[in-house]
Structures are given as structure tokens and as C-alpha cells.
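Numbering-wise (the numbering used here), the sequence shown opens with residue 28 and increments by one. All C-beta atoms, glycine included, are put in the ideal place defined by N, C-alpha and C. These figures come from a predicted structure and were not determined experimentally. Input: a single structure, listed below in C-alpha cells.
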Amino acid sequence: MPAVNIGPMSTESLEWAEKYRPRNLSEVVGHPSIVKELLKWGDDWEKGVPKDRALILHGKPGIGKTSAAFALASHMEWDVIELNASDQRTAKIIQKVAGSASMMGTFDGTSGRRLVILDEADNLHGNYDRGGARAIINVVKNTKQPIILIANEFYDMDSALRLACKPIQFRVMNSTTMVKVLKSICRKEEVMVGIGVIEQISDNAGGDLRSAINDLQAIAIGKNELEVDDIVTAPRDARETVFRAMDKIFKASDMRSAQEAAWHVDESPDNLINWIDENIPVAYKDEKDICAGFNQLSRADMFLGRVRRRQNYRLWRYASLFMTGGVAAVKTQNYSGYNKYQAPQFWRKLGQTRAKRNVRDSLAGKIGGLCHLSKRYARSDLIWFFKHVMNSKEHAVDAAAELDLNPDEIAFLLDTKATTKKVKTIYESAQQLIEAEVKHDIELFGGFTHTAVEDEQQRELDFSGADNEGNVDEPAVDEVVNEENTKNQSSLFDF
Numbered sequence: 028m029p030a031v032n033i034g035p036m037s038t039e040s041l042e043w044a045e046k047y048r049p050r051n052l053s054e055v056v057g058h059p060s061i062v063k064e065l066l067k068w069g070d071d072w073e074k075g076v077p078k079d080r081a082l083i084l085h086g087k088p089g090i091g092k093t094s095a096a097f098a099l100a101s102h103m104e105w106d107v108i109e110l111n112a113s114d115q116r117t118a119k120i121i122q123k124v125a126g127s128a129s130m131m132g133t134f135d136g137t138s139g140r141r142l143v144i145l146d147e148a149d150n151l152h153g154n155y156d157r158g159g160a161r162a163i164i165n166v167v168k169n170t171k172q173p174i175i176l177i178a179n180e181f182y183d184m185d186s187a188l189r190l191a192c193k194p195i196q197f198r199v200m201n202s203t204t205m206v207k208v209l210k211s212i213c214r215k216e217e218v219m220v221g222i223g224v225i226e227q228i229s230d231n232a233g234g235d236l237r238s239a240i241n242d243l244q245a246i247a248i249g250k251n252e253l254e255v256d257d258i259v260t261a262p263r264d265a266r267e268t269v270f271r272a273m274d275k276i277f278k279a280s281d282m283r284s285a286q287e288a289a290w291h292v293d294e295s296p297d298n299l300i301n302w303i304d305e306n307i308p309v310a311y312k313d314e315k316d317i318c319a320g321f322n323q324l325s326r327a328d329m330f331l332g333r334v335r336r337r338q339n340y341r342l343w344r345y346a347s348l349f350m351t352g353g354v355a356a357v358k359t360q361n362y363s364g365y366n367k368y369q370a371p372q373f374w375r376k377l378g379q380t381r382a383k384r385n386v387r388d389s390l391a392g393k394i395g396g397l398c399h400l401s402k403r404y405a406r407s408d409l410i411w412f413f414k415h416v417m418n419s420k421e422h423a424v425d426a427a428a429e430l431d432l433n434p435d436e437i438a439f440l441l442d443t444k445a446t447t448k449k450v451k452t453i454y455e456s457a458q459q460l461i462e463a464e465v466k467h468d469i470e471l472f473g474g475f476t477h478t479a480v481e482d483e484q485q486r487e488l489d490f491s492g493a494d495n496e497g498n499v500d501e502p503a504v505d506e507v508v509n510e511e512n513t514k515n516q517s518s519l520f521d522f
């Protein structure tokens, strides 16, 4: 059964992270602008149905997304219906629980609003969640109650669902705010802390307040005083930054120290080589040193290629040696001073096209599944064909329904934006076809592949050399075989 918030619990046996969870918006720390935005959204709901009926709170785990949602409900005196990943989130259950909750009033009638919270909305991928995203979209469109979706990875969510809600990003909490929260908890729990203890716990947590509170409680078990030596939790993100590593590699006086700098940075050789490639011209001023550095980098790249081909990761050690110690050893002079190192431009370009490439790959997977071909072949040889299909008024909706395309995929095939009216019309029409097929258990997309099936049957008939009565003409067999051997097989459908 879905979790229902029924009020505050006893704090005697709770973990500190739950015990000191914010109970209203005034207790939410580290996100002042978000608190104002949530409060305005809640006030708009009290005045009537606002423009944005649903919100998506997204960001890294442990930074207060769920706490802020419950704090808003408490502040506005709303009841809460929560549906999380531990529940079976099929379309039927979502419609039954979240759908009915979003249309009805509260249990006691004292307030006109009930907040529906769907946690881990970016994890609608399992068998239980089949059709769940589509059901949530329908709930959002028709809701008369406020809805909040919680997600860690915003772009892992269904694209149509992202478009249906207003996103609010929670950023990592700064160390100063975390220190204030931890010190407040220590005062309430009557735990004395030495100099630097709270700061060390905060630094180890890497912006995750929930983890910092859990670490503090684990260290304080059975103790009334804490010192730095009592801290036994490992840093979560305390490794040397890649920028410091770049400085040590390029300014190293020997190969050993350059290689050790790479050991202490959280980057694989495949990633580190891109950093070094980008920053050799930044660190080295002499053209001969730059050329010699790139020469060493090319040798490292040869070993990385062997790793990929042979799957022998022991060769990483040689690649690492050339790209760090080799690059450091070939310089003819020592370089000092500050260098403004840059992230690889190659990654920036990949980042700019990441969303488009993800859509392309998702589309290729669907086309490959429909045509019983590999994803790679569909991506290189068939996407262009389906672009022609989507530009056909006669077949666009059928194709979108058969492939179950989302707005981003339809926009990719039409070379337009997902927010255009044409994309929206095709998507909604395709969803109606899909829902009708599921409801009536009938095949509605036969027209999309009918010609292709008939063509295949006719090719088999021609190849057999049989007439309508089943008689075989031997010369016809030879002619068809010769024709089939020279025929281009890249086109699978014929409209």
C-alpha cells in the first residue's frame, strides 16, 4: 500500500536524520530561493488552480528535496499521499491512488488541498512501472490537487513527463550551512565536540546533509564528547581535484611524482588523457615541449587502444606512465606560475549534443526492435527512412504509435523542437491509438506494416517460382535467385 503521512511520529527511537527533518518551510535551510518558490506555488493553489499544477524537485540525494515537499505540506496544512519506488507503480495503481487523490478532497474536510508526492520519479523503468509515466502525465493534466515529483536525475525521466511539470533544481548545500545544522543537532543531543570535528564531518559528506547527520550520529554513539580522532568515516569526495593533478603532472621534476599525482585523482586513464591533451598547450610554452608532450600522449593512446581491443586492463599502467611521467619528463625547462587549466573541449561538445544523441540512440533501439535488426544498423541505415515516414501525413501517427515514440523522438525525426504543435498533435494522436489498442485488445497498427508484409510474402512466392496454384516454374527460380543476389537489401519497408 502507498505510504500516507499521518502526522509527526515519536522522536525517541528515530535516526537523527529523521528526528531533525524540517517540519515546516521555516526550518528548511540552504535553499532560500526554493523555499520562496514553493511557498508562492502553495499560495497559488490556495487561491485556485495555478499555472503549474505539478513540480519536479530534482538534485543529488540527501540535499532536502523530500523534506522540502513534506515541509510545504505541513506549512500549508495539507494532507499527504506518498507513492515511492517500493510500491508497485503500474498505470492502474497510479491512477487508483494518485489519480483519485488528485481529484478528491481531504479525509476530514478541514482543508481543500491534499499534496500528492511521487518519490524517485526518475526510476520508472521496472516491470511494475510499465505505463507508469503515461499514467502520471494523465494525472498531472487532470489534477485538482497539488502534485510534487522527486527525482535525482532530471534527464532520466520520461521527456513528456518533464514537459508536463515545472522543474526546480536543488543544488548541493554549502559547507557553512551544513556546519550550522550539525552544531545545532549536537547542542540538542548534548554532545560536546572539539575544534574541527564538525568541519571535518561536513567536508567528508560532500554536500550531502543527510549523510553528514548519519555520520555524526554514528560517531557519537555511546559518547558525550567528540574529537577529530573519533572520526572514522571515509571522505565521500575528498580526493584530489583534477586541476591540482594537472598542475602536479606538468610541473613535476621526475616521472614518479607525476605518476603519483594521477593515482590520487578520481579519473580513469581514458578520461585523464583528455584532460592532459587539452592542457599541454596551457602548461608548456615552448613549441618543442608541446610537440614532445603530444608525442608521449600518442604513445599512451596506443596502449589505450590495445586495452579496448584486448580487454586487457593491465595495459593501463603503461598508458598512465606515458601520459603522466612521459609528458613531464620531456619538457626542457621548468614552468612556474599560475595556469588556468580547462576541461576538455571534446567533453563540452559531447555535453552539448548529449540529449540529442540519447534521443537518437533510444530511437534506434525502438526501430531495431521493430525491424529485428541491431541498434547500430538501425541508427546508421534506417533512421533516415523513418524521417520520411514521419513527414508523411498518412503514416506519421501510425509509426509513432507502433514505435511508442515520445515527443523528443518525434521531434528528432521531424527535425524540429518537441514543443511545436505538430509534434504535440502526432504524440497525442499516437497515445490515443495505443490506449485504444490496450483497452479493446485489437491491432490498430496493421496499416503501418501491411504493405511490407505483403511485399515479403510476394518475394517468397516469386522466389519459389510458384504460381497461384502452387506449380513451380524452374527457369523462374534461377532468374529470381540472380535478381536477389544483386538487389540492395537496405530498405525494409515499402509504402
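Measure from the alpha carbon of Asn306 to the alpha carbon of each residue in Lys278, Arg48, Val199, Arg344, then state which is nearest.
-> As a first step, residue 306 must be located in the sequence shown, where it is residue number 279. When only C-alpha atoms are compared, the closest one is Lys278.
Hey, is the segment 65-85 in contact with the segment 169-176, meaning 3+ C-beta pairs nearer than 8 Å?
-> yes
Kindly list the residues whose CB is nearer than 7 Å to the CB of Leu52, restricted to its own chain and excluding five residues on each side of it in sequence; keep chain order.
-> As a first step, residue 52 must be located in the sequence shown, where it is residue number 25. Result list for Leu52: Val62, Leu65, Leu66, Ala98, Leu99, His102, in chain order.
For Arg336, three-class secondary structure by DSSP | In the sequence shown, counting from the first residue as 1, residue 336 sits at position 309. Arg336: helix per DSSP, three-state reduction.
Check Ile246 in the structure and name its three-state DSSP category.
-> As a first step, residue 246 must be located in the sequence shown, where it is residue number 219. Here Ile246 sits in helix by DSSP.
Please name the residue, chosen from Ile225, Gly233, Asp235, Asp256, that lies closest to Val243 on a Cα-to-Cα basis.
-> Within the sequence shown, the letter at position 216 stands for residue 243. What sits at residue 243 in the sequence shown is Leu, not Val. Looking at the Cα atoms, Ile225 is the closest of the given residues.
Does the Cβ of Asp313 lie closer than 6 Å to at least one heavy atom of the ligand MG?
-> With respect to the ligand MG, the structure offers nothing, as it holds no ligand at all.
Ser238, buried or exposed, once every other Cβ within 10 Å from all chains shown has been counted against 16 = As a working note, residue 238 is residue 211 in the sequence shown. So Ser238 ends up on the buried side.
Identify the continuous beta strand (DSSP E) that holds Glu109 and give its terminal residues.
-> Here residue 109 is taken as the residue at index 82 of the sequence shown, counted from 1. First-last of the beta strand (DSSP E) with Glu109: 106-110.
Do the segment 351-369 and the segment 381-390 make contact, defined as three or more Cβ pairs closer than 8 Å?
-> no
When you compare each of Arg140, Phe413, Ile90, Leu390 to Asp71 by their alpha carbons, which one comes out closest?
-> For the purposes of this step, residue 71 is taken as the residue at position 44 of the sequence shown. Of the listed residues, the one whose Cα sits closest to Asp71 is Arg140.
Return the Cβ separation of Ala276 and Ile303 in integer angstroms, given the expectation that the two are a contact with Cβ distance under 8 Å.
-> To locate residue 276, count along the sequence shown from 1; it is residue 249. To locate residue 303, count along the sequence shown from 1; it is residue 276. It should be pointed out that residue 276 corresponds to Ile in this sequence rather than to Ala. About 7 Å separates the two Cβ atoms, so the contact holds.
N-terminal and C-terminal residue of the alpha helix (DSSP H) that His102 is part of | The residue given as residue 102 occupies position 75 in the sequence shown. Note, His102: alpha helix (DSSP H), 92-103.
Distance between Val56 and Ala44 (C-alpha atoms, nearest Å) | Counted from its first residue, the sequence shown places residue 44 at position 17. Counted from its first residue, the sequence shown places residue 56 at position 29. If I take the Cα positions, the gap works out to 14 Å.
C-alpha distance - Ser407 paired with Leu397, whole-angstrom precision | Within the sequence shown, residue 407 is the residue found at index 380, counting from 1. Within the sequence shown, residue 397 is the residue found at index 370, counting from 1. Looking at the two C-alpha atoms, the distance is approximately 15 Å.
Residue range of the unbroken alpha helix (DSSP H) whose run includes His415 | Translated into the one-based positions of the sequence shown, residue 415 becomes position 388. Start and end: 410-417.
Please name the residue or residues paired with Gln196 in a DSSP beta bridge.
-> As a first step, residue 196 is located in the sequence shown; it is residue number 169 there, counting from the start. Gln196 pairs with His85.
Rounded distance between the beta-carbons of Val166 and Ile174, thought under 8 Å = Locating residue 174 in the sequence shown gives position 147, where the first residue counts as 1. Locating residue 166 in the sequence shown gives position 139, where the first residue counts as 1. That belief holds up - the Cβ atoms of Ile174 and Val166 are roughly 7 Å apart, short of 8 Å.
Would you report the Cα separation of Asn433 and Phe181, rounded to the nearest angstrom?
-> Translated into positions along the sequence shown, residue 433 becomes position 406. Translated into positions along the sequence shown, residue 181 becomes position 154. Straight-line Cα distance between these residues: approximately 16 Å.
Can you check DSSP and say which residues form a bridge with Ile144?
-> Taking the first residue of the sequence shown as position 1, residue 144 is located at position 117. Ile144 pairs with Glu109, Ile175.
Residue from Ala445, Asn231, Tyr404 whose Cα sits closest to the Cα of Ala382 = For this step, residue 382 is matched to residue 355 along the sequence shown. Ala382 has its Cα closest to that of Ala445, out of Ala445, Asn231, Tyr404.
Could you check what DSSP says for Val56 in three-state terms: helix, strand or coil?
-> Indexing the sequence shown from 1 puts residue 56 at position 29. Correct three-state label for Val56: coil.
Which parts of the segment 378-403 are runs of the alpha helix (DSSP H), unbroken and 4 residues or longer, counting only runs that do not cross its ends?
-> 381-398
From Gln458 to Ser202, what does the alpha carbon distance come to, in whole angstroms?
-> Against the sequence shown, residue 458 aligns to sequence position 431. Against the sequence shown, residue 202 aligns to sequence position 175. The alpha-carbon atoms of Gln458 and Ser202 are separated by roughly 47 Å.
Pull up the distance between the alpha-carbon of Ile523 and that of Lys451, whole angstroms please.
-> Any answer about residue 523 is impossible in this case: the structure gives the chain only from 28 up to 522.
Name, in chain order, the residues that DSSP records as bridge partners for Met219.
-> In the sequence shown, residue 219 corresponds to position 192, counting from 1. DSSP, once it has assigned bridges, lists Glu252 as partnering Met219.
Is the beta carbon of Ser401 sitting closer than 7 Å to the one on Val424?
-> Here residue 401 is taken as the residue at index 374 of the sequence shown, counted from 1. Here residue 424 is taken as the residue at index 397 of the sequence shown, counted from 1. No, the pair does not count as a contact, with Cβ atoms beyond the cut-off.
Answer with buried or exposed for Ile248, where buried requires no fewer than 16 other C-beta atoms within 10 angstroms of its C-beta.
-> The residue you call residue 248 lines up with position 221 of the sequence shown. It counts as exposed.
So, is Arg283 buried or exposed, given that buried needs 16 or more other C-beta atoms within 10 angstroms?
-> Locating residue 283 in the sequence shown gives position 256, counting from the first residue. Exposed, since its Cβ has fewer than 16 Cβ neighbours within 10 Å.
With contact counted as at least three CB pairs below 8 Å, one residue from each stretch, are the segment 227-241 and the segment 82-94 in contact?
-> yes
Give the secondary structure of Lys46 by DSSP, where H, G and I count as helix, E and B as strand, and everything else as coil.
-> By 1-based counting over the sequence shown, the position of residue 46 is 19. In the structure shown, Lys46 sits in a helix (DSSP, three-state: H, G or I).
Relative to the C-alpha of Asp313, which residue among Asn361, Ala272, Ala288, Trp105 is closest?
-> Working through the sequence shown from its first residue, we reach residue 313 at position 286. Checking every option, the nearest Cα to that of Asp313 belongs to Asn361.
Is it true that the CB of Asp316 sits closer than 7 Å to the CB of Lys367?
-> Walking along the sequence shown from the start, residue 367 turns up at place 340. Walking along the sequence shown from the start, residue 316 turns up at place 289. Their beta carbons are not under 7 Å apart, which means Lys367 does not touch Asp316 by this criterion.
Please determine, among Asn251, Ala178, Met184, Gln227, the residue with the shortest C-alpha to C-alpha distance to Arg214.
-> On the sequence shown, position 187 is the one that residue 214 refers to. The option with the nearest alpha carbon to Arg214 is Asn251.
Exposure label - Arg60; buried when at least 16 CB within 10 Å = In the sequence shown, counting from the first residue as 1, residue 60 sits at position 33. Residue identity differs from the one stated: residue 60 is Ser in this sequence, not Arg. Ser60 comes out exposed.
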